[in-house]
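The structure under discussion appears below in the form of structure tokens.
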Amino acid sequence: MAGNEEICRASGEVLIENYGRLPYAMVRGEGAKIWDADGKEYIDFFPGFGACGVAGHCHPKIVEAVKAQADRLLSHGNLFTSEPQVKLAEAITRKAFGGKVFYCHSGAEANEAAIKLVRLAAGPGKYKIISFNNCFHGRTMGGLSLTPESFQKGFEPMLPGNVKVDYGDIEAVRKAVDAETAGIFVEPIQAEGGMNFPTVEFMQALRALCDEKNILLVCDEVWTAPARTGKWFAYQHFGIEPDVMTLAKAVGGGLPVGVCVASEKYANVLGPGTHGCTMGGNPLCAAAGVATMELIEAEGLCVRAEANGVGILARLAAEDIPCIADVRGVGMMVGLVLDKATSAKDVMMKCLDRGLIVCVAKNNVLRLVPPLTIENDLLARGMDILVEVLKNPDA
Numbered sequence: 006m007a008g009n010e011e012i013c014r015a016s017g018e019v020l021i022e023n024y025g026r027l028p029y030a031m032v033r034g035e036g037a038k039i040w041d042a043d044g045k046e047y048i049d050f051f052p053g054f055g056a057c058g059v060a061g062h063c064h065p066k067i068v069e070a071v072k073a074q075a076d077r078l079l080s081h082g083n084l085f086t087s088e089p090q091v092k093l094a095e096a097i098t099r100k101a102f103g104g105k106v107f108y109c110h111s112g113a114e115a116n117e118a119a120i121k122l123v124r125l126a127a128g129p130g131k132y133k134i135i136s137f138n139n140c141f142h143g144r145t146m147g148g149l150s151l152t153p154e155s156f157q158k159g160f161e162p163m164l165p166g167n168v169k170v171d172y173g174d175i176e177a178v179r180k181a182v183d184a185e186t187a188g189i190f191v192e193p194i195q196a197e198g199g200m201n202f203p204t205v206e207f208m209q210a211l212r213a214l215c216d217e218k219n220i221l222l223v224c225d226e227v228w229t230a231p232a233r234t235g236k237w238f239a240y241q242h243f244g245i246e247p248d249v250m251t252l253a254k255a256v257g258g259g260l261p262v263g264v265c266v267a268s269e270k271y272a273n274v275l276g277p278g279t280h281g282c283t284m285g286g287n288p289l290c291a292a293a294g295v296a297t298m299e300l301i302e303a304e305g306l307c308v309r310a311e312a313n314g315v316g317i318l319a320r321l322a323a324e325d326i327p328c329i330a331d332v333r334g335v336g337m338m339v340g341l342v343l344d345k346a347t348s349a350k351d352v353m354m355k356c357l358d359r360g361l362i363v364c365v366a367k368n369n370v371l372r373l374v375p376p377l378t379i380e381n382d383l384l385a386r387g388m389d390i391l392v393e394v395l396k397n398p399d400a
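Going by this note's numbering, the sequence shown opens with residue 6, and the numbers climb by one from there.
Here it is, written out as structure tokens:
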């Protein structure tokens with residue numbers, strides 16, 4: 006088998022270099038562990054960039070479901086349906102707020118569907134969508150329009166009608182709403198933007214404002230669900246329900262699944278011909294999603310996420326780590342804000358060298374999102390590596 010250097014050199018010749026990839030090629034994964042082509046083992050606190058966030062890599066129940074479905078049917082086209090599509094939609098809507106789902110492949114695509122749904126539901130003349138500074142809703146042209154200008158450079162002009170205000174500032178939101186406003190997009194936790202957490206009061210005020218102005222509230226839960234924060238969906242921490250919710254990443258158990266969930270009131274807005282996705286909800290990916298949702302239920306992963314999150318925060322609080330300026334976290338979604346003298350990117354690379362995968366976000370934040378099924382000893386070992394690096398960031 007080829008090693009890291011050979012595979013990465015070959016990839017540079019055939020893959021567009023838009024990701025700034027690290028010089029490692031991954032060949033095998035099992036739970037919270039992953040191995041590169043040189044045989045090095047890593048504890049993965051950022052599995053699949055969130056796509057393996059529920060059960061880690063290659064969980065036997067998900068693999069079994071995929072293999073069984075692969076023997077039966079891979080795809081059927083969306084003039085038809087299949088049992089895995091129905092079962093996954095039932096599992097999601099039962100745990101959320103009812104309604105119906107549209108399937109696609111990614112969070113960006115789910116947000117594209119939500120943008121179209123919001124505009125159609127709002128009616129003629131209403132096209133503006135409010136989003137928030139430091140948000141991230143994807144790199145397609147619609148999602149990019151809602152995302153901050155730092156991501157937009159070179160791709161202008163954006164979709165007309167995008168309006169951005171400060172996260173948490175309800176008065177700014179209220180002032181931004183006018184007769185042309187169709188809806189508001191909000192992340193219950195801003196992951197890419199630096200692990201920013203809103204208050205209950207802010208989220209409830211958003212819901213009340215949308216009701217008052219008869220506009221739609223969309224919760225982008227691509228990072229926060231399912232079960233990541235100790236609830237099935239993060240909006241449930243705030244005592245509200247959105248009109249539309251978008252999901253992706255972990256909901257597919259490692260396979261590409263994007264979901265736009267519309268509440269009962271708006272469930273039939275996207276009628277025939279208004280939107281589509283050729284392979285969205287294909288039986289293989291949907292079967293992986295069903296197995297993932299069943300695994301969360303069977304193993305009580307919401308409760309486990311909450312308990313392990315408390316443990317992570319307690320461990321960090323008990324350590325004397327001067328370079329940590331702030332800790333933000335709920336469930337197993339934790340961000341460490343490092344002081345200006347310490348580079349989160351450098352810490353990430355030193356952890357990687359010691360066999361721990363973490364990631365960074367905006368404003369020098371280190372992100373920890375271990376798989377919800379991670380064994381206690383692996384969680385402890387990973388935290389040991391992290392603490393060691395953070396206590397000696399210059400080593």
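Even for Gly, the Cβ is constructed at its ideal location relative to N, Cα and C.
What is the DSSP secondary structure of Thr251, counted as helix, strand or coil?
Here residue 251 is taken as the residue at index 246 of the sequence shown, counted from 1. In this structure, Thr251 counts as strand in the three-state DSSP scheme.
When the Cα atoms are used, what is the spatial distance from Gly104 to Gln90?
For the purposes of this step, residue 104 is taken as residue 99 along the sequence shown, with counting starting at 1. For the purposes of this step, residue 90 is taken as residue 85 along the sequence shown, with counting starting at 1. Each residue's alpha carbon lies about 15 Å from the other.
Between the Cα of Phe54 and those of Glu154, Val256, Val223, Glu117, spot the shortest distance and give me the residue it belongs to.
Taking the sequence shown and counting its residues from 1, one reaches residue 54 at position 49. That would be Val256, whose Cα lies nearest to the Cα of Phe54.
Would you say the stretch 60–80 touches the stretch 219–228, given that touching needs at least three Cβ pairs under 8 Å?
no
For Ile48 versus Ile362, is the C-beta distance shorter than 9 Å?
Taking the first residue of the sequence shown as position 1, residue 48 is located at position 43. Taking the first residue of the sequence shown as position 1, residue 362 is located at position 357. Cβ atoms of Ile48 and Ile362: closer than 9 Å.
Could you give the distance in angstroms between the alpha-carbon of Phe102 and the alpha-carbon of Asn219?
As a first step, residue 102 must be located in the sequence shown, where it is residue number 97. As a first step, residue 219 must be located in the sequence shown, where it is residue number 214. The straight-line gap from Cα to Cα measures roughly 19 Å.
May I ask you to verify whether the stretch 288–299 touches the stretch 148–158, counting CB pairs closer than 8 Å and requiring at least 3?
No, because fewer than three Cβ pairs between the stretch 288–299 and the stretch 148–158 fall closer than 8 Å, the two stretches do not touch.
Using the Cα positions of Val249 and Gly44, report the straight-line distance between them to the nearest angstrom.
Within the sequence shown, residue 249 is the residue found at index 244, counting from 1. Within the sequence shown, residue 44 is the residue found at index 39, counting from 1. Roughly 44 Å separates the two Cα atoms.
Over the uninterrupted beta strand (DSSP E) stretch that includes Glu46, give me the two end residues.
Numbered from its first residue, the sequence shown carries residue 46 at position 41. That run of the beta strand (DSSP E) goes 46–49.
Drop a sphere of 10 angstroms on the beta-carbon of Leu260, count the other beta-carbons inside from all chains shown, and report buried for 16 or more, exposed for fewer.
Taking the first residue of the sequence shown as position 1, residue 260 is located at position 255. By the neighbour-count rule (16 or more Cβ atoms within 10 Å), Leu260 is buried.
Is the beta carbon of Thr229 sitting closer than 9 Å to the one on Ile189?
Locating residue 229 in the sequence shown gives position 224, counting from the first residue. Locating residue 189 in the sequence shown gives position 184, counting from the first residue. No, they are not a contact pair.
CB-CB under 8 Å to Arg386, same chain, minus the five flanking residues each way: which ones, in chain order?
Mapped onto the sequence shown, residue 386 falls at position 381. Closer than 8 Å at the Cβ level, and outside the excluded window around Arg386, lie Ile48.
What did DSSP end up calling Phe137 once you bin it into helix, strand or coil?
For the purposes of this step, residue 137 is taken as residue 132 along the sequence shown, with counting starting at 1. Three-state result, Phe137: strand.
Please say whether His64 and Ile1 have beta carbons closer to each other than 9 Å?
As displayed, the chain neither begins before 6 nor continues past 400, which places residue 1 out of reach and without an answer.
Given this structure, state the Cα-to-Cα distance separating Met31 from Ile134, to the nearest angstrom.
One-based indexing of the sequence shown puts residue 31 at position 26. One-based indexing of the sequence shown puts residue 134 at position 129. In a straight line, the C-alpha of Met31 is about 39 Å away from that of Ile134.
Among residues of its own chain, excluding the 5 on either side of Asn369, which ones have a beta-carbon nearer than 6 Å to its beta-carbon?
For the purposes of this step, residue 369 is identified with residue 364 of the sequence shown, where counting begins at 1. Correct list, in chain order: Leu343, Ala349.
May I have the straight-line CA-CA distance separating Ala127 from Ala187, to the nearest angstrom?
Start at 1 with the first residue of the sequence shown, and residue 127 comes out as number 122. Start at 1 with the first residue of the sequence shown, and residue 187 comes out as number 182. It is roughly 5 Å from the alpha-carbon of Ala127 to the alpha-carbon of Ala187.
For Thr347, is the classification buried or exposed, using 16 other Cβ atoms within 10 angstroms of its Cβ as the cut-off for buried?
Counted from its first residue, the sequence shown places residue 347 at position 342. Under the 10 Å beta carbon count, Thr347 is surrounded by 16 or more other beta carbons and is classified as buried.
Quick check on this structure: which residue in Gly130, Gly235, Leu252 has the alpha carbon closest to the alpha carbon of Ala267?
Numbered from its first residue, the sequence shown carries residue 267 at position 262. The residue from Gly130, Gly235, Leu252 with its alpha-carbon nearest to that of Ala267 is Leu252.
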